Amino acid sequence: MKSDTIAAISTGMTQAGIGIVRVSGPEAIPVVSRIFKGRKSLEDALSYTLSHGMIEKDGVSYDEVVVSVFRAPHSYTGEDTVEINCHGGLFVTRKILSLVVSEGTRLAEPGEFTKRAFLNGRMDLSKAESVMTVISSGNDFALRAGVAGLKGKIETEIRAIRNVLLDEISRIEAALDDPEHYDLTGYGETLDRITGEIETKMEDLLRRSENGSILREGIRTAIAGRPNAGKSSLLNLLSGFEKSIVTEIPGTTRDIVEETVRLGELTLLLMDTAGIRETLDPVEKIGVDRARNAVSEADLVLYLVDGTAGKTAEDEENLDSLPPEKTVILYNKSDALDEETRQRILETGGLLFSCKTEEGLKTLEQIVTDRFLAGEISFNETVILTSERQIALLREALEEVREVRNGIRDGVSEEFLSADLLSAYTSLGKIIGEAVGDDVADRIFEKFCMGK
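Position in the sequence shown counted from 1, then plus 1, gives you the numbering used here.
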């Protein structure tokens, strides 16, 4: 591991009230001491203390600051760390960073502070990745999933499974090395029961994590329907501004228009699609084909029916091709319907909706929330894996556990069962950072922002 001293701006690169320049490494305190003038030297500062003073060099003062000192090993990185809290102007923050670098530090790589925390044993890899989940969170679910990871809940769950696997590996290896004192007669039945319990736990975790990734990253939502049903109006309503062109002319939307919006506590990745209908217009036909592709790949489809025209044969044909479990039908333009028509739609279980008056918007929010937050996925600290890397490794481990159970049924020798158990143990270890090569660690941390 590199043992030099690094520095970076840890706050956003915009005008703000406060900016933070973070310095970490063996020379962090001496470096900042050379440009900091306060009542006492930073060299004498205790850990977790603040010092008020000026940043100065060669007789020139640059800013009034508050400096935080965190001494190793009780810091974020596990190294001596200093944070210079200055005024948040872009120029002054960059100027202070340049002064720090001129005193013998180098600019940190993206994510290098957190990488050092991982390499110094301050956090496991799942906790490090949860840092990025918190930073990039766009909704409450993503935030809480990240916080659960920061609290070590992923590591705890993974280590519990690994410990069981390790016990069985040890038992088999002991019997293979010393068959006179360790008898494996009837052990296959015991191992099958134990790995069956592990398989169930891993399947539950995988299901929660796969469902959770949709909520964390956003629900891919296609707005579909016949031309002029109000799809672009719905996108504009949910996004809060005129994202799509709205006219009385059918077929205005020719391409996919995308926008990320909040619906209650959920994030929707909205796709406004071309009206789905048979057409001879070659340009519109391309839009219709793209609309059908977007609908097929979506997690949720909001299908708009023009309430003033009623559900047509074309609507029925379109809806027949959509999975009902991911489709919500909105009878739009409810503000223009008479009471008899409204009642008839309600009797069929339809949702009255108006992009003009916002009728039905709260009901739609509740329907989508119930559909995606039903059961075990909820806004609590339920453990879910927070990255696709982790989910892929869990899938690998699950398949290896299944191989063990298949091997037991096929009567393979304990030596091969032990090898499969070890493979599952290793795959799970990679989730929390054990047996992870430098290339993998580099790839994970390069996705972090600078200064973190």
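The beta carbon of each residue, even a glycine, is placed where N, CA and C say it ideally should be. As the structure is a prediction and not an experimental result, all values here were calculated from the model.
| query | For the beta strand (DSSP E) that contains residue 128, what are its first and last residues? | reply | Per DSSP, residue 128 belongs to no beta strand (DSSP E); it is in the alpha helix (DSSP H), 126–137.
| task | Between the Cα of residue 117 and those of 87, 142 and 73, spot the shortest distance and give me the residue it belongs to. | result | 73
| said: Just to confirm before moving on: does the CB-CB distance between residue 310 and residue 327 stay below 8 Å? | reply: no
| request: Would you give the residue range spanned by the beta strand (DSSP E) that residue 23 belongs to? | output: 17–25
| query | Buried or exposed: which applies to residue 282, given that a residue is buried once 16 or more other Cβ atoms fall within 10 Å of its Cβ? | reply | Residue confidence for residue 282 is low, a pLDDT of 49 falling below 50, so the modelled location carries little weight and cannot support an answer.
| message | Quick check on residue 55: buried or exposed, where buried means 16 or more other Cβ atoms within 10 Å of its Cβ? | response | exposed
| field | Same chain, Cβ closer than 6 Å to residue 424, neighbours up to 5 away in sequence not counted | value | 401
| request: Entirely within the segment 326–359 and at least 4 residues each: give me those alpha helix (DSSP H) ranges in chain order. | output: 340–348
| residue 388 and residue 130: beta carbons closer than 8 Å? | yes
| field | Cα-Cα separation, residue 246 to residue 272 | value | Because the pLDDT of residue 246 is 40, which lies under 50, any placement of that residue in the model is unreliable, and the number read from its coordinates should be weighed accordingly. For residue 246 and residue 272, the distance between alpha carbons rounds to 14 Å.
| How would you label residue 49, buried or exposed, when you count the other beta carbons within 10 angstroms and need 16 or more for buried? | exposed
| Is residue 10 buried or exposed, if buried means 16 or more other CB atoms sit within 10 Å of its CB? | buried
| query | Under 8 Å, do residue 30 and residue 61 count as touching if we go by C-beta distance? | reply | no
| said: If the criterion is Cβ atoms closer than 8 Å, does the pair residue 386 and residue 162 meet it? | reply: no
| field | C-alpha gap between residue 154 and residue 398, whole angstroms | value | 19 Å
| query | Where does residue 96 fall in DSSP's three states? | reply | helix
| residue 269 and residue 215 look like a contact to me (Cβ under 8 Å); what is the Cβ gap, rounded to whole Å? | Residue 269 to residue 215, Cβ: 11 Å. No contact.
| said: Could you check whether residue 22 and residue 82 sit closer than 8 Å to each other, using their CB atoms as the reference points? | reply: no
| query | Start and end of the alpha helix (DSSP H) containing residue 237? | reply | 232–240
| Chain-order list of residues whose beta-carbon lies under 6 Å from that of residue 67 (same chain, five-residue window excluded) | 51, 53 and 86
| How is residue 35 classed by DSSP in three states: helix, strand or coil? | coil
| Span separating the alpha-carbon of residue 88 from that of residue 38 | 16 Å
| If you run the structure through DSSP and keep just helix, strand and coil, what is residue 77? | coil
| said: Can you tell me whether residue 325 is buried or exposed? The criterion is at least 16 other CB atoms within 10 Å of its CB, across all chains shown. | reply: exposed
| request: Compute the minimum distance between the beta carbon of residue 331 and the heavy atoms of the ligand ATP, and state whether it is under 7 Å. | output: The ligand ATP is not part of the structure shown, which contains no ligands of any sort.
| said: Going by DSSP in three states, residue 300 sits in which element: helix, strand or coil? | reply: coil
| task | Please name the residue in 100, 175 and 181 whose C-alpha comes closest to that of residue 64. | result | 100
| query | So, do the segment 142–151 and the segment 172–181 have three or more beta carbon pairs nearer to each other than 8 Å? | reply | no
| Distance, Cα to Cα, residue 301 vs residue 407? | 37 Å
| query | Can you round the beta-carbon distance between residue 305 and residue 224 to whole angstroms, since I take them to be within the 8 Å contact cut? | reply | 7 Å
| query | Per DSSP, residue 86 is paired with what? | reply | 21 and 67
| request: Report the three-state DSSP secondary structure of residue 295 (helix, strand or coil). | output: helix
| said: Checking 8 Å against the spacing of the C-beta atoms, do residue 169 and residue 392 come in under that value? | reply: no
| field | Own chain residues within Cβ distance below 7 Å of residue 334, not counting five before or after | value | 231, 307, 308, 309 and 355
| task | Indicate whether residue 108 and residue 132 have their beta-carbon atoms separated by less than 8 Å. | result | no
| In terms of alpha-carbon separation, which member of 368, 384 and 418 lies closest to residue 149? | 384
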